[in-house]
Amino acid sequence: MFRSLVRTIDPEAIFESGTFYGASAQFFLNVSEQPVCTVEKNRGFAYCAKRRFRKIPEVRVLVGDSRAALKKLRNADHFPPSYVLFYLDAHWKEDLPLREEVALITKEWTDSVIVIDDFKVLDDSGYAFDTYGDRELSIEYLGDEAIGPYEVFWPRCPSREEAGARRGCAVLVAPGAVPAVELEGLPELRRLPRSRTAATSALGL
0 MFRSLVRTID
10 PEAIFESGTF
20 YGASAQFFLN
30 VSEQPVCTVE
40 KNRGFAYCAK
50 RRFRKIPEVR
60 VLVGDSRAAL
70 KKLRNADHFP
80 PSYVLFYLDA
90 HWKEDLPLRE
100 EVALITKEWT
110 DSVIVIDDFK
120 VLDDSGYAFD
130 TYGDRELSIE
140 YLGDEAIGPY
150 EVFWPRCPSR
160 EEAGARRGCA
170 VLVAPGAVPA
180 VELEGLPELR
190 RLPRSRTAAT
200 SALGL
């Protein structure tokens with residue numbers, strides 16, 4: 000899916016929250032051939048990633064909270080204000096930054112795309128997603144205020160046909176990033192209404 004998004008969107012940069020050891024950042028660089036900015040809160044993981052990319056200036060590793068990093072990047076000369084592909088995967092502890100990350104991005108970056116990993120797929124319970132107490136990574140959790148005018152796309156492949164871990168995801172697309180019809184033409188994605196009621200009606204369930 001990520002390769003198809005890069006070909007369709009042609010982003011000017013990639014932002015990642017949740018670096019870990021840097022494998023995904025390396026993948027993003029290889030696929031996009033564009034600068035990658037990745038943020039890791041765990042200092043040990045960030046140190047390992049910095050060593051990994053010490054001779055690769057196209058990958059910038061930041062240490063700290065992803066929300067603080069986004070606030071700095073929105074006014075940074077070295078980071079574009081539009082056509083950025085955001086990959087959000089820093090949601091594994093009690094302090095869940097996702098809603099604030101999305102709200103910052105939809106407010107501050109135009110013509111951009113957000114990919115959220117481990118996310119609840121509205122009409123396919125076979126896809127696993129993250130939960131934190133009474134909170135789950137879902138459209139309901141994000142809310143309309145955070146999502147703003149962005150369109151929401153979902154995996155096209157049913158979970159029963161998916162190989163591997165079968166983790167859910169969502170793709171949020173700014174109105175000017177790319178025509179919706181182009182994304183709907185991708186074999187990996189489909190568009191549904193945001194709410195469960197509207198989605199159920201659209202699916203004829």
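Each residue of the sequence shown is one higher than the last, beginning at 0 in our numbering. Every residue, glycine too, gets a C-beta built ideally from N, C-alpha and C.
By the beta-carbon neighbour count (other beta carbons within 10 angstroms, threshold 16), K40 is buried. By the criterion of a C-beta distance shorter than 7 Å, V177 is surrounded in its chain by T7, I8, once the five residues flanking it on both sides are discounted. Short of 6 Å from the beta carbon of Y131, and not among the five residues preceding or following it, lie these beta carbons of its own chain, in chain order: L95. In the displayed model, L87 falls within a strand according to three-state DSSP.
In this chain, C156 is not harboured by any beta strand (DSSP E), its DSSP state being neither H nor E. Ranked by Cα distance from R159, the options P56, Y82, A127, L84 are led by A127.
Within the same chain, L69 come within 6 Å of L103 by CB-CB distance, once the 5 residues on both sides are set aside. Non-local C-beta neighbours of F85 in its own chain, meaning closer than 6 Å and more than five positions away in sequence, comprise F14, I104, I113, ordered along the chain. Here the alpha carbons of E181 and R51 stand approximately 36 Å from one another. Using a 10 angstroms sphere on the CB of P148, the tally of other CB atoms stays under 16, which defines it as exposed. Annotation: the continuous alpha helix (DSSP H) that includes E99 extends over 97 to 107.
Rounded to whole angstroms, the gap between the alpha carbons of L72 and Y46 is 21 Å. Nearest neighbour of D143 by Cα position, chosen from S124, V101, G184, turns out to be V101. Linking C36 to C156 through their CA atoms gives a straight-line distance of about 29 Å. CA-to-CA, the gap between L121 and E57 works out to about 36 Å.
Residue L4 holds the alpha-carbon nearest to the alpha-carbon of Y82 among L4, M0, E135, D116.
When DSSP states are grouped into helix, strand and coil, L191 belongs to the coil group. Looking from the CA of A169, the closest CA among Q25, D129, T18, D64 belongs to D129.
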